[in-house]
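Let me begin by presenting the structure, written as structure tokens, before commenting on it.
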Amino acid sequence: EAYTLAWGQSYGLPVLAFRFFNVFGPRQRAGHAYAAAIPTFIDAALRGKPLPLFGDGTQSRDFTFVESVCRVIRDAVERRVTCDVPVNLAFGSNISLNTVISEIEKIVGHELAVDRREPRTGDVPHSQADNSRLRDLFPVVRPVDFEDGLSRTIDWFRSTL
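Each number in the numbering used here corresponds to the 1-based position in the sequence shown with 374 added.
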């Protein structure tokens, strides 16, 4: 991000630096130690295992479905959008991990076991983007609903089992 903006300023290049927030969707891996919460939860749910939850689940994130990210990037390329400061690519949602689990339960049709663990050291309790710059630059781009994106992600995971 810093290099991109520096090159843009130094050499007069048209640039656009995005900051991504908790992107999720199909093809996201669940099997490593630092996997994002959503693929980890879905994988566990579909395999009949308890969902590993660090902390009490009230921590929240600005989850962004991958198709929403692609819509913005496509629009940026087509319209040749530039900006001299970073742009948060997120839509201002504030969804708790408990809500994510609840939504997964609705989609899979049954209650899920949760393996509650101690909070991770240094974990940020709440992360929500200021998306005002994104809205100014991309006023017509509409994000995919969280529930729709989650359902489509679960469908993809089911197709790979």
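C-beta: ideal position from N, C-alpha, C; glycine also.
This one's a predicted model, so the numbers in the text were calculated from it and none came from an experiment.
To the nearest angstrom, how far is the alpha carbon of residue i from that of residue j?
| i | j | result |
| --- | --- | --- |
| V461 | S525 | 27 angstroms |
| G466 | A503 | 5 angstroms |
| R453 | P400 | 27 angstroms |
| A409 | R403 | 7 angstroms |
| D529 | K480 | 13 angstroms |
| R448 | H500 | 29 angstroms |
| H484 | T473 | 15 angstroms |
| V451 | L387 | 14 angstroms |
| P413 | G422 | 14 angstroms |
Less than 7 angstroms between the C-beta atoms of residue i and residue j, yes or no?
| i | j | result |
| --- | --- | --- |
| L420 | V488 | no |
| V455 | L379 | no |
| L390 | C444 | no |
| A464 | D497 | no |
| P493 | F428 | yes |
| E441 | V515 | no |
| S434 | I469 | yes |
| L471 | A411 | yes |
Per DSSP, which one or two residues make a beta bridge with residue i?
| i | result |
| --- | --- |
| S533 | S533 is not bridged to any residue. |
| P517 | Answer is none; P517 lacks a bridge partner. |
| F439 | F398 |
| F392 | V461 |
| F428 | R491 |
| S434 | S470, H500 |
Can you list, in chain order, the residues of its chain with a C-beta nearer than 6 angstroms to that of residue i? Leave out the 5 residues immediately preceding and following it.
| i | result |
| --- | --- |
| R393 | P460, N462 |
| D417 | A404 |
| G382 | V389 |
| V482 | A419 |
| F395 | D436, T438, A464, A503 |
Can you find the residues in the same chain that come closer than 7 angstroms, C-beta to C-beta, to residue i, ignoring five residues on each side of it along the sequence?
| i | result |
| --- | --- |
| E477 | E521, L524 |
| R490 | L427 |
| L535 | L420 |
For residue i, which residues in the same chain have their Cβ closer than 8 angstroms to its Cβ, ignoring the five residues on either side in sequence?
| i | result |
| --- | --- |
| V446 | F392, L463, L508, F512, V515 |
| R532 | L420 |
| I475 | F415, L425, L427, G431, L486, V488 |
Legend entry - 4-residue-minimum alpha helix (DSSP H) runs that sit fully inside the region 450–505, ordered along the chain: 471–482
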